[in-house]
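Colleague: Its first residue numbered 3, the sequence shown is counted upward by one per residue in this note's numbering.
Think of the CB as a built atom: it goes at the ideal place given N, C-alpha and C, for glycine as much as any other residue.
Source: prediction; values computed, not measured.
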Amino acid sequence: MRFGSWYRRVSRYPMRFGSWYRRVSRYPMRRPFSRGSVALLAVLAAVLLGVVLSDSPGSEVSGGARTAEAPEAPAPSRASPTPAGVTGQDASTRGVGRSAAEDPTSQSLVPSTAASAGAERRCAPRAPEGLQISDTSPSAAAVELSQAMYDCAHEVGLAFADDPDAISTLLSRGLRGPLLLVGSLFDVRLANEVRRLAPERIVAAGFDERGLPRTFVGFAFEPVPVDQQATFAPPDAPYDRLWIVDDAEVAAPLAALGQRIGVGVIAAPADLRAASVEARETIAAAAEVEFLSDFGEDAAWQLDVIRRGDEIPGGGLVMFGSEPRRRFVAMYGHPASRGLGVLGEQGPAEAVERLRSIAAGYDADGSVVVGTFEIITTVASAAPGPAGDYSSLTALDVIRPWVDMAAANGLYVVLDLQPGRTDFLTQAKIYEEFLRLPHVGLALDPEWRLKPNQFHMVQVGSVDAAEINQVSEWLAALVREEALPQKLLVIHQFHYDMITDRHRIETPPEVAVLIHMDGFGSPGTKQDTWNRLTAPADADGFYWGWKNFYDEDIPMVGPEYVLNLTPTPLFVSFQ
């Protein structure tokens with residue numbers, strides 16, 4: 003057993019030790035100590051005294067050694083709720099303000115001479131330049147902030163980190179010094195910081211004074227009843243400096259600390275783009291943003307996306323999985339052909355109006371419906387064409403009016419590729435101008451992706467995961483370069499073997515990958531196809547879409563049927 007532990011154990015039972023001494027003193031030893039024994043006892047007594055003094059709370063080891071830890075204290079006790087307006091001593095504040103002299107059995111962090119004498123000191127806070135919080139736990143952050151701002155303090159505020167009412171009470175009262183926060187236990191850092199500051203008083207809210215550690219007994223203690231209606235108002239103007247953490251429970255007390263130096267604090271999800279509208283507005287308005295939690299390497303470009311502020315039609319920066327809930331309802335076809343789908347049956351302006359009637363009912367589950375133009379930009383061809391790839395390109399000038407009309411009316415655009423014997427990435431790059439816009443996504447149609455010796459309408463085409471990943475990687479780079487919101491990548495499928503190694507398709511955070519079941523037939527036939535495609539384990543890694551055919555589906559199902567499918571379709575198109 004270490005001596006310090008033995009000493010503390012003995013010091014807890016003075017009567018037992020005294021009784022033993024008195025008992026022994028009644029029966030003096032028959033044999034006196036020799037001079038050598040007396041000398042030895044004297045040396046041992048000196049050593050004992052030195053160890054006791056070095057083990058006393060608050061003592062420091064000379065020569066640059068670390069400060070000794072404060073004595074262990076029980077978990078701090080919370081004060082019982084105090085009715086508003088009640089003051090004076092009661093069960094929760096009895097003995098408050100006792101000095102060390104009045105309680106000689108207590109050991110304390112003795113305040114400095116200036117503080118105890120009431121001499122006025124210059125303890126004005128300073129604005130910390132470039133402060134980096136190394137520990138985001140509220141109690142540790144409070145100490146770091148105090149050390150950066152104060153050389154001394156007239157008073158110190160003390161509250162539990164998880165008691166927002168107590169924190170608000172102290173902030174609304176006003177403090178002539180730092181606010182220190184307590185976790186589940188009083189740790190040595192907090193005790194040492196109080197000693198360093200040497201305050202004239204400790205102003206505490208939400209504490210039972212009897213639960214305070216002995217190290218605080220030497221300070222004047224001012225209990226403040228917790229006001230559950232107390233609030234502290236942040237500045238009206240946006241914060242120039244902002245701290246972002248990943249834990250809402252940590253954000254609240256940190257916000258109280260940051261408010262004192264003009265720093266805002268918000269909690270954000272792992273993907274910053276999924277933050278609430280209010281949080282995104284706060285982030286965008288801040289001149290300086292610091293991440294106090296580890297948000298990973300994606301945080302930098304996601305911050306750029308928030309600052310640019312371009313949103314997906316319908317609101318937000320992420321396609322699915324956050325507010326608002328979104329569903330795309332699309333008209334499919336080619337701008338110059340009535341035979342390739344409903345989109346080509348009218349011009350862009352008329353298509354906007356027709357989309358409203360097509361989309362009716364698809365918001366029944368509370369989703370925001372986003373009207374969409376799904377435009378065939380490269381068309382599968384029976385002839386090889388100049389490039390010999392059995393695919394015809396659509397001029398950018400033919401597509402541009404539709405893209406502009408969509409932007410003006412809050413619609414989304416999906417550019418659909420039917421590449422024949424060339425690859426998807428080669429054709430996608432032709433339309434890069436449009437894909438750099440926040441409201442334009444891409445669709446890959448493997449049915450029309452031929453191998454070197456295949457022909458359209460003779461074989462059903464297919465694509466492997468590696469080629470799809472090349473496209474998604476390229477799209478992801480565009481998103482980062484332009485600080486765009488998440489982009490939609492649609493992959494058509496009605497036979498499982500249309501996509502080789504589907505489970506190897508990558509889903510980078512810049513791109514929302516959606517598999518679109520685009521087979522036609524009776525409801526039963528289409529349901530069977532849907533079940534086969536969504537049954538494999540990898541299906542959970544994708545979002546899902548459904549296609550309705552006006553002529554080929556007999557009958558064509560409505561929104562009630564579609565919205566009852568599992569998984570729920572988030573992209574519904576009409577051809």
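For P130, which residues in the same chain have their Cβ closer than 8 Å to its Cβ, ignoring the five residues on either side in sequence?
Modeller: On the sequence shown, position 128 is the one that residue 130 refers to. Cβ within range, chain order: L147, A150, M151, I263.
Colleague: In its own chain, which residues sit with a C-beta less than 8 Å from the C-beta of A289, not counting the 5 before and 5 after it?
Modeller: Along the sequence shown, read from residue 1 onward, the residue named residue 289 stands at position 287. These residues qualify, in order along the chain: D242, R243.
Colleague: For the structure I just gave you, are there three or more beta carbon pairs, one from the segment 394–412 and one from the segment 462–476, closer than 8 Å?
Modeller: Counting Cβ pairs under 8 Å, fewer than three are found: no touch.
Colleague: Give the single residue among I285, Y498, I314, M333 whose Cα lies nearest to the Cα of L274.
Modeller: Taking the first residue of the sequence shown as 1, we reach residue 274 at position 272. Of the listed residues, the one whose Cα sits closest to L274 is I285.
Colleague: Distance, Cα to Cα, P350 vs P403?
Modeller: If you number the sequence shown from 1, residue 350 lands on position 348. If you number the sequence shown from 1, residue 403 lands on position 401. Each residue's alpha carbon lies about 7 Å from the other.
Colleague: Spatial neighbours of D447 within its chain, please: CB distance less than 7 Å, with the 5 preceding and 5 following residues excluded, ordered by chain position.
Modeller: In the sequence shown, the residue the question calls residue 447 occupies position 445. Around D447: D418, L419, Q420, H494.
Colleague: Report buried or exposed for S186, applying the criterion of at least 16 other Cβ atoms within 10 angstroms of its Cβ.
Modeller: Numbered from 1 along the sequence shown, position 184 holds the residue referred to as residue 186. That one is exposed.
Colleague: Using 8 Å as the threshold, is the C-beta distance between P315 and L413 below it?
Modeller: The count along the sequence shown starts at 1 and reaches residue 315 at position 313. The count along the sequence shown starts at 1 and reaches residue 413 at position 411. Yes, they are a contact pair.
Colleague: Tell me, please, whether the segment 517–530 touches the segment 547–560 by the rule of three or more beta-carbon pairs shorter than 8 Å.
Modeller: Yes, since at least three Cβ pairs between the segment 517–530 and the segment 547–560 fall closer than 8 Å, the two stretches touch.
Colleague: On the DSSP bridge list, what partners appear for S139?
Modeller: Your numbering for residue 139 matches position 137 in the sequence shown. S139 is not bridged to any residue.
Colleague: Just the Cα atoms here: how many angstroms apart are K453 and R423?
Modeller: Along the sequence shown, read from residue 1 onward, the residue named residue 453 stands at position 451. Along the sequence shown, read from residue 1 onward, the residue named residue 423 stands at position 421. Approximately 6 Å, taken between the alpha carbons.
Colleague: To the nearest angstrom, report how far apart Q230 and A168 are at their CA atoms.
Modeller: The residue labelled residue 230 in the question sits at position 228 within the sequence shown. The residue labelled residue 168 in the question sits at position 166 within the sequence shown. Going from the Cα of Q230 to the Cα of A168 covers about 8 Å.
Colleague: Given a threshold of 16 other Cβ atoms within 10 Å of its Cβ, counted over all protein chains shown, does R328 qualify as buried or as exposed?
Modeller: Here the question's residue 328 lines up with position 326 in the sequence shown. Burial call: buried.
Colleague: With K453 as the anchor, note down where its beta strand (DSSP E) starts and where it stops.
Modeller: Locating residue 453 in the sequence shown gives position 451, where the first residue counts as 1. Where K453 is concerned, there is no enclosing beta strand (DSSP E), given that its DSSP letter is neither H nor E.
Colleague: Which whole-angstrom value describes the C-beta separation of F426 and E469, a residue pair presumed to lie in contact below a C-beta threshold of 8 Å?
Modeller: On the sequence shown, position 424 is the one that residue 426 refers to. On the sequence shown, position 467 is the one that residue 469 refers to. Sure, about 6 Å apart at Cβ, within 8 Å.
Colleague: Below 8 Å on the Cβ atoms is my guess for C154 versus R123; work out the distance and round it to an integer in Å.
Modeller: For the purposes of this step, residue 154 is taken as the residue at position 152 of the sequence shown. For the purposes of this step, residue 123 is taken as the residue at position 121 of the sequence shown. Their Cβ separation, rounded to whole angstroms, is 5 Å, which keeps C154 and R123 in contact under 8 Å.
Colleague: Out of P201, N411, D553, which has the shortest C-alpha to C-alpha gap to G521?
Modeller: As a position in the sequence shown, residue 521 is number 519, starting the count at 1. When each option's Cα is compared against that of G521, the closest is D553.
Colleague: Exposed or buried, what is R282 when buried is set at 16 or more other beta-carbons lying within 10 Å of its beta-carbon?
Modeller: In the sequence shown, residue 282 corresponds to position 280, counting from 1. With 16 or more other Cβ atoms within 10 Å, it is buried.
Colleague: Verify whether the separation of the beta carbon atoms of L172 and V226 is less than 8 Å.
Modeller: Position 170 of the sequence shown, counting from 1, holds the residue named residue 172. Position 224 of the sequence shown, counting from 1, holds the residue named residue 226. A contact, by the Cβ cut-off of 8 Å.
Colleague: From S118 to V228, what distance separates their C-alpha atoms?
Modeller: Mapped onto the sequence shown, residue 118 falls at position 116. Mapped onto the sequence shown, residue 228 falls at position 226. Any reading at S118 is ruled out, since the residue's pLDDT is 45, under 50, leaving its predicted position unreliable.
Colleague: So what's P225 in DSSP terms, helix, strand or just coil?
Modeller: Walking along the sequence shown from the start, residue 225 turns up at place 223. It is a strand residue.
Colleague: Tell me the DSSP secondary structure of V205 in three-state form.
Modeller: What you label residue 205 is simply residue 203 of the sequence shown in a count that begins at 1. In this structure, V205 counts as strand in the three-state DSSP scheme.
Colleague: Please go through the same chain and pick out, in chain order, the residues whose beta-carbon is closer than 8 Å to the beta-carbon of G52, but skip the five residues on each side of it.
Modeller: The sequence position of residue 52 within the sequence shown is 50, counting from 1. Note that G52 scores a pLDDT of 48, beneath 50, so its modelled location is shaky and nothing firm can be said.
Colleague: I need the DSSP call for S186, collapsed to helix, strand or coil.
Modeller: Counting from one through the sequence shown, the residue named residue 186 turns up at place 184. Residue state, collapsed to three classes: coil.
Colleague: In angstroms, rounded to a whole number, what distance separates the CA positions of V573 and A332?
Modeller: Taking the sequence shown and counting its residues from 1, one reaches residue 573 at position 571. Taking the sequence shown and counting its residues from 1, one reaches residue 332 at position 330. Residue identity differs from the one stated: residue 573 is Phe in this sequence, not Val. The straight-line gap from Cα to Cα measures roughly 8 Å.
Colleague: Considering only their Cβ atoms, is the gap separating P201 from V158 smaller than 8 Å?
Modeller: Here residue 158 corresponds to residue number 156 of the sequence shown, with the count starting at 1. Here residue 201 corresponds to residue number 199 of the sequence shown, with the count starting at 1. Yes, the Cβ-Cβ distance between V158 and P201 is below 8 Å.
Colleague: Can you give me the start and stop residues for the alpha helix (DSSP H) that S474 sits inside?
Modeller: Counted from its first residue, the sequence shown places residue 474 at position 472. Run containing S474: 467–484, per the alpha helix (DSSP H) assignment.
Colleague: At the level of alpha carbons, what is the spacing between G526 and A253?
Modeller: Stepping through the sequence shown from its first residue, residue 526 is reached at position 524. Stepping through the sequence shown from its first residue, residue 253 is reached at position 251. G526 and A253: Cα-Cα distance of roughly 52 Å.
Colleague: Does any residue of chain C have a CB that is nearer than 8 Å to the CB of V559?
Modeller: Considering every chain present, this structure includes no chain C. It has just one protein chain.
Colleague: What is the rounded straight-line gap between the Cα of D296 and the Cα of D391?
Modeller: Within the sequence shown, numbered from 1, the residue matching residue 296 stands at position 294. Within the sequence shown, numbered from 1, the residue matching residue 391 stands at position 389. If I take the Cα positions, the gap works out to 48 Å.
Colleague: Hey, could you find the ends of the beta strand (DSSP E) Y552 is sitting in?
Modeller: Counting from one through the sequence shown, the residue named residue 552 turns up at place 550. From DSSP, Y552 is part of no beta strand (DSSP E); its letter is neither H nor E.
Colleague: Hey, V291 and L305 are a contact pair by Cβ (cut 8 Å); roughly how many whole angstroms apart?
Modeller: The residue labelled residue 291 in the question sits at position 289 within the sequence shown. The residue labelled residue 305 in the question sits at position 303 within the sequence shown. About 6 Å separates the two Cβ atoms, so the contact holds.
Colleague: Below 8 Å on the Cβ atoms is my guess for P487 versus A366; work out the distance and round it to an integer in Å.
Modeller: As a first step, residue 487 is located in the sequence shown; it is residue number 485 there, counting from the start. As a first step, residue 366 is located in the sequence shown; it is residue number 364 there, counting from the start. P487 to A366, Cβ: 26 Å. No contact.
Colleague: Could you check if E512 is buried or exposed, using at least 16 other CB atoms within 10 Å of its CB as the buried criterion?
Modeller: The residue labelled residue 512 in the question sits at position 510 within the sequence shown. Buried is the call here.
Colleague: So what's S295 in DSSP terms, helix, strand or just coil?
Modeller: The residue you call residue 295 lines up with position 293 of the sequence shown. Three-state result, S295: coil.
Colleague: Suppose you measure from the CA of L345 to the CA of P326; what does that come to, to the nearest Å?
Modeller: Within the sequence shown, the letter at position 343 stands for residue 345. Within the sequence shown, the letter at position 324 stands for residue 326. The straight-line gap from Cα to Cα measures roughly 27 Å.
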